[in-house]
Every structure is written in C-alpha cells, then in structure tokens.
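The working numbering applies: residue 656 is where the sequence shown begins, and numbers increase by one.
Notes follow once the structure below has been shown.
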Amino acid sequence: MVSDHVLRLCHSPNTVSSLLAKNPSQSPGQIAKDLYGIYEKDLRRTPPPPSSSASASASTSSSSSPSSRCSSSSSGNSNSNNTNNNTNINTNNNTNNNNNTNNNTNTLDLALQCGRWGPTTPSPLFLKAFADALRCLDADPLAGVVSPPLMGSHGTVPLTVIAPLADVIRHVSNVIARAEREVFFITCNWSPSVAQRLVRNALVELSRRAGERRQRVVVKIMYDKATAASAIDPHQRVSPAAYSGKAIQLPAPDEVPHLDMEVVSLHKLVLGTLHAKFCVVDRKIALVMSNNMEDNCNMEMLTHLEGPIVDSIYDTALITWKRPLDPPLPSGGAGADQQRIAASGEQQSHGTAEELKEHTPEDPHYDADLAGEIVRMQACYSTKPDETRLQAANRLLNYAVKNPVAPTGPEIPDGHEMTPYIDTSTPYPVPMALVSRPPYGSVDSKNAFVPQNEAWLSLIRNATRDIFIQTPDLNAAPLMPALAEALKRGVEVTYYVCFGYNDAGEVIPGQGGTNEQAARSLLSLLPEDGPERKLLRIYDYVGKDQDRPIHQCFRARCCHVKLLIVDGCVGVQGSGNQDTQSWFHSQEMNIMVDSAEICAKWREGIERNQNTRLYGRVAADGVWRDEKGQPGEGYMGDPGSVEGLIKGVWGMYKKMERA
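Here is the structure:
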C-alpha cells in the first residue's frame, strides 16, 4: 500500500530541480536537505511483506492474462502534467481474488496518482512494481535518488544500443558534440581508453561549434574515485591540472575555450561506489548506460530517452552532484516537456554504407542526427572486400580488446548480422519510472529496502508468463527464493550471465559466490524431479563470433548488459547488476519502461547480437560444459569459504597488478 506520507511527497509542487531553477546559487544538496531532511531516515529498515496487490497476483498467476495485465495506453484520459489522476485501469486479476480486489485496486489507484504519466496509462504490472518501489520512500524520501514527484513519468526511447563499449560511446560522443547549452555526464570507472578519447574529442568538437555560435556550453563530469579525502567529504572537486593529466586525460581549459567545465569525483567509503552511468544533454536527451569509461571486451547496453522522463534523470544528476554548480546549468528553468523534443539537430544527407567512414578517436566523423548515426554504424558492421559476415563481427568485437581472439562460431546468415543501433522509437510516449538506489558505504548488507530492489522483486513476484534477465553476475541472496517461487508458479525463467565474471571478488565470503555456485543455490530450492527445473534456463554469454563462452580471465569476450524483462512488456535497464554489490551498496540508475513493443525490440536485439541462446546453455549442475563434458577453461570450481577468501584476495591482487 502507498502511504499517505508518500502520496504527499509525490504531490508536492517542489522538487530539487524546480527549486534550484528559482535559486541557482544554492547547492542541490542543501535544497534536498531543506525539502526532505525534515523526515525520518531509516537506511537499514527491513523490507516489509509484499503489498496485497502483489500477493494476490502471485497466488493466481497461472490463470491471469498477461495481455490484460501488461497493456498500457497512450490515449484516452490523460494525466497531463499533474500527479493527481483518477484514471480507471484494469485491475481485475482473477475471480478467485474477490477478497483482495479492493486492496489491489486501491494500491494501484494510489500508485497511479504518484506519477506524471501525461497521455499514457500504465499497465497493472508496471503499477504494482511502481507501488512497491514507492514504499521505500517511507524509510528515505530520496531512496530513489530523485525528487518523489519525478519518480514516475513518461517518454520515448528513439534508440537502443546493444554493442561493444566503443560503439556505445560513439553515440554518446555524437550527442555531446550536438549539445547546445549543457552536458551532464556521470559514470563509474574512468581511465584512458578508446571510450575516453571519443568523449575527449567530442568535448573539443563541442567547444569548436560553440565558438562558431559565439556561445558557451556548461559541462559537468562526475566519476567514482575513493581517496583519503572521501572520508571527510565523498564529493571531491577535481582540479583542471588533475583531470587533464595522465590518469583522466580530459581536455584542459585552454583546449576547450568555449566550455565551462567542472569535474567532481564521488565515493562513499567504504563500499558506496558511484556505479550509475548516465548522461543528460540540454535537458532534452538522457542516455542510460551499463558501461564504464575504459577499454574492455564487454558487450554493453544504452537507452536513449527523450520527453519528460529526462527531467527526472536531470533531477537525479543534481542530487548526485550535491555541490554548488559553478557556473549554474543554463537549462535549469526549462524542463524537457517545455523544450523541443528532438535529438536530430540539423538534417543531413546520410549517404550510402560504402561512402561512410568509421567514427574513431583518430578520425572523428560526427553525424547530425540519429538516422545518420545508425547508417554509419551499420556500415561499420558491413563486410569489407574478401571478408565474411563472421569476420566482420569478429573485427568489431576485437576492437579495443586487450586479447583479440579468432572467430570460432559458424558463418552468420544473410539478414542476421549484428545490428548494434536499434530503432526503438514509438509513435507515442510510454510510462516510465526511475527505480534506482543511493550509495551505502557500510560493510553490512542492510540497505536493501530501495526502489531498485523492490521493483525487481515485485516484477518477479507478479510475473505470470516469463522472466528474462541478462547481467554479469546473478547471485544476490534475495533473488534466489524469488526466482524459485516464480518457477513454482509455472513461470519460465531465463537468465544470461557472464562466465567467470569477477570470480575473484564473488568468491570472497559474503559476496554471493560465482555464477555456478549461485545456480546451484537456486537449483537446491527446486524439487529434483519437479517441472520447475524444466522452466529454468541458465546460459553463459557467448559472443556473436564464438561457439562457446570465454572465461572473463582471458579478457576477450564478456557481457556487461543489465536488463530485466517480465511477461514481455515491462523492462528495467540501467547500471544495476543482480549481485551483492549492486543490491546493497552501489549508487545505481535504472529506468523501468512499460511497453511490450520496446521490450520486444530489446529482446530481439539481445538475441541477434550474441550467440548465447545457441551455445551458452549450462548443464543440469549449473556449469557450462563442452561436447566432451568438460567445463570451460578457467572454471574455478566450487571453493569453500576459506579457499574462496584465499583465491579472492589473490585474484584481487593480480587484478590490481594488471591495472
């Protein structure tokens, strides 16, 4: 149930971003304190039992209709821009639930009143997850790292990127270069790399364009870094000499004379990592990413968002920044719903694939619109003379990889090429919500009651047909019983993880274990001969050019996508992993989208751009095995607590030695 307190928070006319617009000299942190510091804050609150709506749905999942529970509307009665909406929605799950109908309807109606849905009507499945996420605001009004009135909103997803890290940042660099007034970029790890050079060049290009317009553009950049000073203040200003130095390699002020750039690092000791990765440009466009700024072998995911949801992400950026803005952001008073919602800029002649050159740090080629970017990127994945489609995929997947590998997979049929840039536009906006979490530095695992976790658990609890997850590691303790219960209800559960991802850290006691250990833990909750095990499908990631998983220790093919899709209609994408660190400690940014059309395109892109479904299925014991029954090279086995601690410490030492 959504409490009266949360309802009042969501109906407030004030947000951090709206008050900052009225007084730009004030710090976002002080505004947040004035707005929400008066309320009790309980970071270690134990999550309460599921709401009645969730319980009712879970108990009758096999007989409820996914189509009726997932259908959202973009027309009819509209919320416009106010949160107090009494639009009727379909909340009738099953005739056997008569005793729960009133509570169920009331919960969903209250959740409906807590968002700014515009012309859209959220589906019951989405609203149940949103209602459960809202309950966290009773313990901490900023548990979602966004002002409560902005937590639920709407928007569009013109583009999704499912591709190697460099291709994700190619789009980011284009959006930065096209900025008109401001850029707000937040990430986790930052190191010299292809990604770093792409962003650096984009900032230089942005300065050049701003100079031609006789304007200045404000740029704020933030990344995670733990220092001794973090014990005093987690937010540390980074001087121009430091951020333009060898470790970061951003442009110095004299290289970008038409930019006003400010750089800050954030880390909440000990374990409160800034793990969110997103970018807001001109308060018109938001990019929510899975990737860091570094060279690696990861497949990543980005969603390009437009519409009022951008205001919510902008608000998150301000709350995360916390410090006074010097200079202030020029878009402070103009929300995304008041601005031209277009990422295209000027139109361009896109040319043919044969004419387009690859956009690289050494030879930048910026496009004027999304269509141009898509054409150029697909041209990169086209075959060159005397090259097969498999070889073309291998060439791109090896780009920026420290240990390139030869292709082992079969030839790619015509029409099945990798398509890294995916058109996910819809002719209408769809309901969206931010389901994030703040950083928590303490070494315990008691900060579990946050919107990210509650939304994930709610969607799993209310699934009636199928659950799909892709994540590097899946080992968070609360997930195992939730997935087991879904399987016992007859829900098909499919998840893709990365073979050996961060095994050195995951085997340390308290971190959840390796993916193989977590799989065995889940299997132990299921009857050995029951139908539940047939509904569980676990896979290790396989690159588009390969025919088997490659352990992360070889640094050749890994997957860093974070995606959850339930019943094919509600999806959550962002920075949050399904592991202990993301569940209990790191600051994360995730977007929940209510659209069967977008979810279908996401799933299609996931399958098309990897060979996981073809070659990654693990054996009955949770371990991937080759045709001879042998585990993949690099498999760690099943270390106990003491052995895990020793291997973990040694592995982390070797990791730091390589850095």
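Glycine included, C-beta positions come from ideal geometry on N, C-alpha and C.
All values derive from a computational prediction rather than experimental measurement.
Look up residue i in the DSSP assignment and say whether it is helix, strand or coil.
{"i": "Y1270", "result": "helix"}
{"i": "Y1196", "result": "coil"}
{"i": "V816", "result": "strand"}
{"i": "P1294", "result": "coil"}
{"i": "K783", "result": "helix"}
{"i": "M1032", "result": "helix"}
{"i": "P668", "result": "coil"}
{"i": "A713", "result": "Reliability of the predicted coordinates at A713 is poor, the pLDDT of 49 falling under 50, and the value obtained from them is presented with this limitation in mind. Three-state DSSP puts A713 in a helix."}
{"i": "R836", "result": "coil"}
{"i": "I968", "result": "helix"}
{"i": "Q681", "result": "coil"}
{"i": "T975", "result": "helix"}
{"i": "I1220", "result": "strand"}
{"i": "H890", "result": "strand"}
{"i": "V935", "result": "strand"}
{"i": "R699", "result": "coil"}
{"i": "P796", "result": "coil"}
{"i": "R855", "result": "helix"}
{"i": "D1158", "result": "helix"}
{"i": "N1053", "result": "coil"}
{"i": "V1060", "result": "coil"}
{"i": "Q1201", "result": "coil"}
{"i": "V657", "result": "coil"}
{"i": "L674", "result": "helix"}
{"i": "E1010", "result": "coil"}
Kindly identify the DSSP beta-bridge partner or partners of residue i.
{"i": "P1286", "result": "R1280"}
{"i": "W845", "result": "M948"}
{"i": "K923", "result": "G927"}
{"i": "T958", "result": "T815 and V943"}
{"i": "E917", "result": "K875"}
{"i": "P1086", "result": "H809"}
{"i": "C1213", "result": "N953"}
{"i": "Y1076", "result": "V816"}
{"i": "N1245", "result": "G1229"}
{"i": "R1188", "result": "In the DSSP output, where bridge partners are listed per residue, R1188 has none listed."}
{"i": "R1263", "result": "R1263 pairs with nothing; no bridge assigned."}
{"i": "R1092", "result": "E1243"}
Alpha carbon to alpha carbon, how far is residue i from residue j?
{"i": "V657", "j": "P819", "result": "40 Å"}
{"i": "P982", "j": "L914", "result": "11 Å"}
{"i": "D879", "j": "I841", "result": "9 Å"}
{"i": "S1091", "j": "R892", "result": "24 Å"}
{"i": "T738", "j": "V854", "result": "Since pLDDT at T738 reaches only 45, below the 50 mark, its modelled position is unreliable, and the value read off the structure follows with that caveat. Going from the Cα of T738 to the Cα of V854 covers about 37 Å."}
{"i": "L662", "j": "G1096", "result": "29 Å"}
{"i": "H660", "j": "M1032", "result": "48 Å"}
{"i": "A865", "j": "I940", "result": "18 Å"}
{"i": "E618", "j": "I1220", "result": "Since the first residue shown for the chain is 656 and the last is 1314, residue 618 is missing from the structure and cannot be characterised."}
{"i": "Y969", "j": "G1198", "result": "34 Å"}
{"i": "A1137", "j": "I1115", "result": "7 Å"}
{"i": "E1284", "j": "T1169", "result": "In the sequence as displayed, the identity of residue 1284 is Gly instead of Glu. Looking at the two C-alpha atoms, the distance is approximately 20 Å."}
{"i": "I996", "j": "V1085", "result": "Unreliable placement is indicated for I996, whose pLDDT of 38 sits below 50; the coordinate value is still reported in the next sentence. Taking the straight line joining both Cα atoms gives about 15 Å."}
{"i": "R1050", "j": "K1012", "result": "15 Å"}
{"i": "Y1150", "j": "Q1125", "result": "6 Å"}
{"i": "R1212", "j": "N1157", "result": "13 Å"}
{"i": "V1030", "j": "Y1076", "result": "9 Å"}
{"i": "V812", "j": "V859", "result": "28 Å"}
{"i": "C1281", "j": "H1014", "result": "Note that residue 1281 is Asp in the sequence shown, not Cys. Rounded to whole angstroms, D1281 to H1014 spans 38 Å at the Cα level."}
{"i": "S1100", "j": "A1131", "result": "11 Å"}
{"i": "P777", "j": "D764", "result": "11 Å"}
{"i": "C1214", "j": "R869", "result": "43 Å"}
{"i": "R1263", "j": "L690", "result": "46 Å"}
{"i": "T1267", "j": "P895", "result": "44 Å"}
{"i": "T1038", "j": "Q1107", "result": "41 Å"}
{"i": "G900", "j": "Q851", "result": "13 Å"}
{"i": "K977", "j": "I831", "result": "22 Å"}
{"i": "A788", "j": "I1246", "result": "12 Å"}
So, under 8 Å CB-CB, residue i and residue j are touching, yes? Tell me the CB distance rounded to an integer number of Å.
{"i": "G1226", "j": "C1254", "result": "5 Å"}
{"i": "P796", "j": "Y694", "result": "5 Å"}
{"i": "V1216", "j": "I817", "result": "7 Å"}
{"i": "N947", "j": "C843", "result": "5 Å"}
{"i": "A638", "j": "D950", "result": "Lying outside 656 to 1314, the shown extent of the chain, residue 638 is not represented and no answer is given."}
{"i": "G770", "j": "S808", "result": "6 Å"}
Examine chain C for any beta-carbon lying closer than 8 Å to the beta-carbon of residue i, and answer yes or no.
{"i": "Y1290", "result": "The chain inventory of the structure shown lacks chain C, comprising one protein chain alone."}
- Task: Starting from the N-terminal side, write out each stretch of the alpha helix (DSSP H) that is 4 residues or longer and does not extend beyond the region 1096 to 1154.
- Result: Fully enclosed alpha helix (DSSP H) runs of 4 or longer: 1106 to 1117 and 1134 to 1143.
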